[in-house]
Structure formats: structure tokens, C-alpha cells
Amino acid sequence: MIQIEVWSDINCPFCYIGKRHLEAALEKFSDKGDVVVEWKSFELDPMANPPKGANHHELLAKKYNKDVAWAKEMDKNLTDMARKSGLDFHMEKQVPANSFNAHRLIHLAKQNHLQDQMKERLLKAKFTEGKDIGDTEVLKLLGIELGLDQKELDELFSGNRFVTDVREDEEIATELGIRGVPFFVFNKKYGVSGAQPVEVFSEILDKVNNE
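Read the sequence shown against the UniProt record's numbering and you will find it ends at 211, with the numbers running on by one and no gaps.
Set out below in C-alpha cells:
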């Protein structure tokens with residue numbers, strides 16, 4: 001069996017693209033062996049606290065000391081890249097948000113054997129639908145949509161459950177020297193950084209499987 005641990009952030013568009021590329025490689029690999037994928041928490045900006053109504057393009061331009069036209073062009077290129085991977089990005093709808101609670105929700109979903117489904121739903125909510133993934137009410141609705149218990153969701157966001165789990169994932173990332181995401185670790189032995197082409201993931205899967 002091959003174990004793949006993936007550090008990624010809901011706020012990272014390349015993490016969604018990388019997820020699709022990995023899935024395409026896994027589909028080709030499906031008849032060769034069993035694979036387990038585990039999603040790990042990583043926050044690109046742990047201190048993010050954007051004001052309500054903040055403009056995505058303005059924040060992006062400010063972050064890189066560029067103008068808004070540059071930010072829009074970057075997003076256009078990103079949207080084109082996503083389309084080639086079968087994804088429908090709407091970057092103009094982006095709602096700047098802190099992703100910490102979304103990561104806690106993924107941990108709850110994992111406990112209910114819905115981790116991959118929750119990861120996918122959150123990424124779609126963020127990049128296709130333009131939902132505020134920092135809003136706990138939005139997160140609750142997404143959880144309910146997948147069949148998570150309303151009471152459990154209420155308790156999750158009114159308390160500190162899975163806070164430690166998120167921090168532990170991030171501490172391991174630091175120990176491994178992970179500074180950017182997505183980052184994929186195969187059988188705790190091989191690391192792959194970035195939204196690599198499908199062929200790269202296929203090669204590493206075959207390599208690990210043949211050892």
C-alpha cells in the first residue's frame with residue numbers, strides 16, 4: 001500500500017490544481033495497487049484577518065507591491081491553467097479569508113471518513129463558487145451538505161476541537177522544511193513540491209510501487 005500525505009491550504013489555488021493532477025495519476029495507477037491519501041493542514045497566511053468586503057485583487061496587488069491590473073492578469077492566467085486541469089475558477093468572486101477553521105472542519109470530516117470529500121467541497125466553494133470559507137456558518141452548511149451532524153458542527157466551532165491537530169500538521173510541515181504548498185509526501189520517503197504535471201505523479205507512484 002502507498003501512503004500519500006498532502007500538505008495544502010484551502011486558500012491556495014495551486015493546491016486545487018495539484019489535487020486534480022494527483023487524482024488523474026491515481027486513476028491511471030488504480031489497477032496497480034492500493035493508495036491512501038491523507039490531507040494535512042497548512043496555512044499560507046496564519047495571521048490573515050481580512051476585513052469584511054475586502055477586495056481580492058487589491059489585497060493580491062498590495063501583497064506583491066503591484067497594481068490591480070497585474071493582479072487581474074495573474075488571476076486570468078491562473079484561471080486558464082485551472083481550466084486545462086478541468087477546473088472552473090472564478091477568481092473575480094474570491095472572498096479573502098482565514099482558513100484555520102476550514103482545516104478544523106477537514107479534521108472532523110476525516111473522523112467521519114469524509115476527509116477527501118470535504119477537502120474537495122471546500123476548494124470548490126472557494127475557487128468556483130466564491131464562498132467565504134472563513135465564515136463558520138458557511139462551513140457548517142458545507143459540512144451538513146456532506147452529511148456531517150449539525151450538533152457536532154455547532155460544537156466544533158463553539159469550542160477548540162481539532163485546534164491541536166491543525167497545529168500538529170503545521171509543526172510537522174516545519175520539521176520537514178515545507179515552506180510552500182501543495183507538498184506531497186509518498187510513503188514518508190519521497191517529497192514532491194508544487195502542482196506538478198500528471199506524468200510526474202505517475203512516475204513517482206510507479207517508483208514507490210516497485211520498491
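Just so you know, even glycine gets a beta-carbon here, dropped at the ideal spot from N, CA and C.
- Round the Cβ separation of A109 and L146 to the nearest angstrom and send it over; I've been treating them as touching at under 8 angstroms. 7 angstroms
Q.
Could you pull the DSSP bridge partners for W7 from this structure?
A. K40, F183
Task: Sufficient close CB pairs (3 or more, under 8 angstroms) joining the region 77 to 94 to the region 38 to 45 - done: no
Checking 8 angstroms against the spacing of the C-beta atoms, do F29 and S202 come in under that value? yes
Taking the CB atoms as reference points, tell me whether G194 and G18 lie closer together than 8 angstroms.
-> yes
Give every residue of the same chain whose Cβ lies closer than 6 angstroms to the Cβ of D88, excluding the five residues on either side of it in the sequence, and list them in chain order. T128
Problem set entry | Rounded C-alpha distance that separates F186 from I4 | 5 angstroms
Fill in: Exposure of D169, with buried meaning 16 or more beta-carbon neighbours within 10 Å
buried
Query - Environment of Y16 [buried if 16+ CB atoms lie within 10 Å] - result: buried
Tell me which same chain residues have a C-beta within less than 6 angstroms of the C-beta of L78, skipping the five on either side of it? P13
If you measure between the beta carbons of F183 and L22, is that distance less than 8 angstroms? no
Do you know how far the Cα of T136 is from the Cα of K124? 16 angstroms
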